[in-house]
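Participant: This is the structure I want to talk about, given as structure tokens.
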Amino acid sequence: MDQKQDHANTILTQLESAETLNSLEVAKSLSINHQDLVGCLLQLESANYIKTEGLKQDQLILTDEGNTILNSQSGEYEIYQKVPEAGISMVDLQKVFGIEQVPKVKQEQGEKKEKQVEDPKKRQFDQGFGNAKKMGYIKMDKGVITKVANDLPDKIKLELQSFNTIKLGSQQAKLLVERKLAMISTIKYFEIKKGFKYAPKFREQFAALTTEQLLSGEWKECEYKSINLNAEGEKISMGNLHPLLKVRKQFSQILIGLGFEEMPTNQFVESSFWNFDALFQPQKHPARDAHDTFFCSDPELSEEVDTTLRDKVKSMHQTGGVGSIGYQYEWSHEESRKNILRTHTTAVSSKMLYRIAQQYKEKGYFPKKYFSIDKVFRNETLDATHLAEFHQIEGVVIDKNASLGQLMGIIREFFRQIGINKLWFKPTYNPYTEPSMEIYGYHPVLKKKVEIGNSGVFRPEMLAPLGFPEDVNVIAWGLGLERPTMIYYDIRDIRTMVGPEVKVETVRSNAFCVFESK
Ligand code: PHE
């Protein structure tokens, strides 16, 4: 049996006759370190052989100086012993202690006084000398130091020899603390009582039942540890969602909760037709030029769209319709076929709206709510808040009764669910919506008003060529994914959210859910 088991059994035997045990005394009786006993107590307690209660106690312990005196003698006694019976002068006594006399040099005026380094021997001597006088070992008369009496004992050393009997709080203890020979330290210990499975002898508990124990029949005699249902278990290392994906997931859940269906967004390369032309965005629009849009070189042009659709879009741009005069310019077919990386998710919406209008021809009108969340691309200069690729979230509501009021209502509800309650709408311009509104929100984290989105009612000039009946309205709004993610996860630089800058540890430890609606 190992020593730990021996100790365990000793504790259990001691408990047999005692109501409670003090771990400090047990450690003393076992002649082991208190800290080593703690391990043993834990084992016994987890097997419910004992119950412990952690307690604190102030204790008087010897300081290093106290220990030195205990092992040799006190400073005052050393001085007492070195004083000859005939008496001695101070200078000579110091010599006996090997203290060199530093002659006092007269100082010239203006001469810098050299700082004298204090001799530790001298300090010790002075202290011992003072105490020797105070304690009545020696006296000084007309410059001669003599012993007060012969054969005096080293009182302090004697006191320290019976240190264990000195009570905390006694006058004696106070004096020792004052002389820095002892100090008070708080120690932690345990009060030990019998546990509900107490037995005078400890039997090792097994963590698991083994095949060997079953085969040999040994299991009948064995004791087993009970299952700890509160054990945390090992942390499983697994993949974690990137902050953008977490926020994206939450946004899509909110939108699904509001009855929106997700549109397919799996196409980064889009034709200018769906990204711009179908959105009644004129071909001379500055956003189309090479500063903002990434054009593709191979294949440079996209496949043809349906020619009827193309012609309707063309004539809407050139001469207008549905009460509009259009843009009055020569629409270029080739320009509309240029392949680009989509610059906004509204390209996805325009394609979807066309599909819905086609379905209306067969099935007749039905209302519909769609959303998309995916990547878009713009040829931006990269900095802490801009990337050339980012994500947009877009919501589209197709409804005969859709109105500006309804759009504002949906937007309010959507933002309420991500914890933004105060909203402001500001008129703005988009080629494809009229009226158009920028959305501002009071940001609870930033504590200020920030632009959070854009929205509007799709223009008849956009909807009519796609084949929408005149009485069907479409309202929509869009916002970026990066900004709310940065705010809620306290990410200062957008560039740390992509590529090798992403810190895996941060991704792991980030909260799964960040939005809280009120
Ligand atoms: N497409 C707009 C943008 O890129 C957002 C928007 C979506 C505006 C839908 C109105 C309607 O900012």
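Quick note on this note's numbering: the sequence shown kicks off at 131 and runs consecutively.
C-beta atoms are modelled at their ideal positions from N, C-alpha and C, and glycine is treated no differently.
Keep in mind the model is a prediction, meaning the values are calculated, not measured.
Taking any heavy atom of the ligand PHE as the mark, which residues have a C-beta closer than 6 Å to it, listed down the chain?
Facilitator: Ordered along the chain, the selected set is His-474, Thr-476, Glu-524, Asn-560, Thr-563, Asn-584, Ser-585, Gly-586, Ala-606, Trp-607 and Gly-608.
Participant: Assuming the contact rule is C-beta atoms closer than 8 Å, Val-575 and Ile-617 should be a hit. Round their C-beta distance to whole Å, please.
Facilitator: That pair is a contact at about 5 Å.
Participant: Report the rounded CA-to-CA distance for Ile-386 versus Lys-498, giving the unit in angstroms.
Facilitator: Each residue's Cα considered, the two are about 13 Å apart.
Participant: Rounded C-beta distance between Asn-163 and Glu-321? I'm assuming under 8 Å.
Facilitator: Not a contact, Cβ separation roughly 19 Å.
Participant: Whole angstroms are fine: how far does the CA of Met-538 sit from the CA of Val-580?
Facilitator: Roughly 17 Å between the two C-alpha positions.
Participant: Do the CB positions of Ala-138 and Gln-173 come within less than 8 Å of each other?
Facilitator: Contact flag set, yes.
Participant: Where does Val-377 sit, in a helix, a strand or coil, going by DSSP?
Facilitator: Three-state DSSP puts Val-377 in a helix.
Participant: Mark Pro-373 as exposed unless 16 or more other C-beta atoms lie within 10 angstroms of its C-beta, in which case mark it buried.
Facilitator: Flag for Pro-373 reads buried.
Participant: Confirm, please, whether the CB-CB distance from Phe-410 to Met-592 is below 8 Å.
Facilitator: Yes; because the gap between Cβ atoms is below 8 Å, this pair is in contact.
Participant: Check the C-beta distance from Glu-175 over to Gly-325 and give it rounded, since I have them as a contact under 8 Å.
Facilitator: Their Cβ separation, rounded to whole angstroms, is 7 Å, which keeps Glu-175 and Gly-325 in contact under 8 Å.
Participant: Is the beta carbon of His-474 closer than 8 Å to that of Gly-608?
Facilitator: Cβ distance < 8 Å, so Gly-608 and His-474 count as in contact.
Participant: Only counting the same chain, and skipping five residues up and downstream in sequence, which positions put a Cβ closer than 7 Å to that of Arg-542?
Facilitator: Excluding sequence neighbours, Arg-542 sits near Leu-553.
Participant: Does DSSP put Thr-143 in a helix, a strand or coil?
Facilitator: Here Thr-143 sits in helix by DSSP.
Participant: Considering only the alpha carbon of each residue, which of Ser-454, Glu-568 and Ala-177 lies closest to Arg-589?
Facilitator: It is Ser-454 whose Cα lies nearest to the Cα of Arg-589.
Participant: My understanding is that Phe-424 touches Ile-470, with C-beta atoms under 8 Å, so please give their C-beta distance in whole angstroms.
Facilitator: About 6 Å separates the two Cβ atoms, so the contact holds.
Participant: Can you give me the start and stop residues for the beta strand (DSSP E) that Asp-513 sits inside?
Facilitator: First-last for Asp-513: undefined, no H or E at that position.
Participant: Mind checking who Trp-554 pairs with in its DSSP beta bridge?
Facilitator: Its beta-bridge partners are Tyr-570.
Participant: Give the straight-line distance between the Cα atoms of Phe-598 and Ile-569, rounded to the nearest whole angstrom.
Facilitator: Using only the alpha carbons, I get a separation of about 27 Å.
Participant: Suppose contacts are defined by Cβ-Cβ distances below 8 Å. Is Lys-650 in contact with Ile-229 by that definition?
Facilitator: Past the edges of the chain, shown from 131 to 648, lies residue 650, and the structure says nothing about it.
Participant: Excluding sequence positions up to five away, which residues of its chain have a Cβ less than 8 Å from the Cβ of Glu-289?
Facilitator: Taken in chain order, the residues that qualify are Ile-296, Gln-302 and Leu-306.
Participant: Using a Cβ-Cβ cutoff of less than 6 Å, which residues in the same chain neighbour Ala-262 once the five nearest sequence positions on both sides are dropped?
Facilitator: If we look at Ala-262 and ignore the five residues flanking it on each side, its Cβ neighbours are Glu-206, Ile-209, Tyr-210 and Ile-268.
Participant: If you follow the alpha helix (DSSP H) that Gln-536 is part of, which residue opens it and which one closes it?
Facilitator: 534-547 is the extent of the alpha helix (DSSP H) around Gln-536.
Participant: Can you name, in chain order, every residue of its own chain whose Cβ lies under 6 Å from the Cβ of Thr-511, other than the five neighbours on each side?
Facilitator: Around Thr-511: no qualifying Cβ.
Participant: What does the alpha-carbon distance come out to for the pair Thr-636 and Ile-486?
Facilitator: In a straight line, the C-alpha of Thr-636 is about 42 Å away from that of Ile-486.
Participant: Tell me whether Met-627 is buried or exposed, calling it buried when 16 or more other Cβ atoms sit within 10 Å of its Cβ.
Facilitator: The residue is buried, with at least 16 neighbouring Cβ atoms inside 10 Å.
Participant: From Gly-535, Lys-355 and Ser-356, pick the residue whose C-alpha is nearest to that of Phe-555; which is it?
Facilitator: It is Gly-535 whose Cα lies nearest to the Cα of Phe-555.
Participant: Which same chain residues, not among the five before or five after Gln-203, have their C-beta less than 7 Å away from its C-beta?
Facilitator: For Gln-203, where only same-chain residues beyond five positions count, the Cβ hits under 7 Å are Asp-284 and Lys-287.
Participant: From what residue to what residue does the alpha helix (DSSP H) around Leu-483 run?
Facilitator: First-last of the alpha helix (DSSP H) with Leu-483: 476-493.
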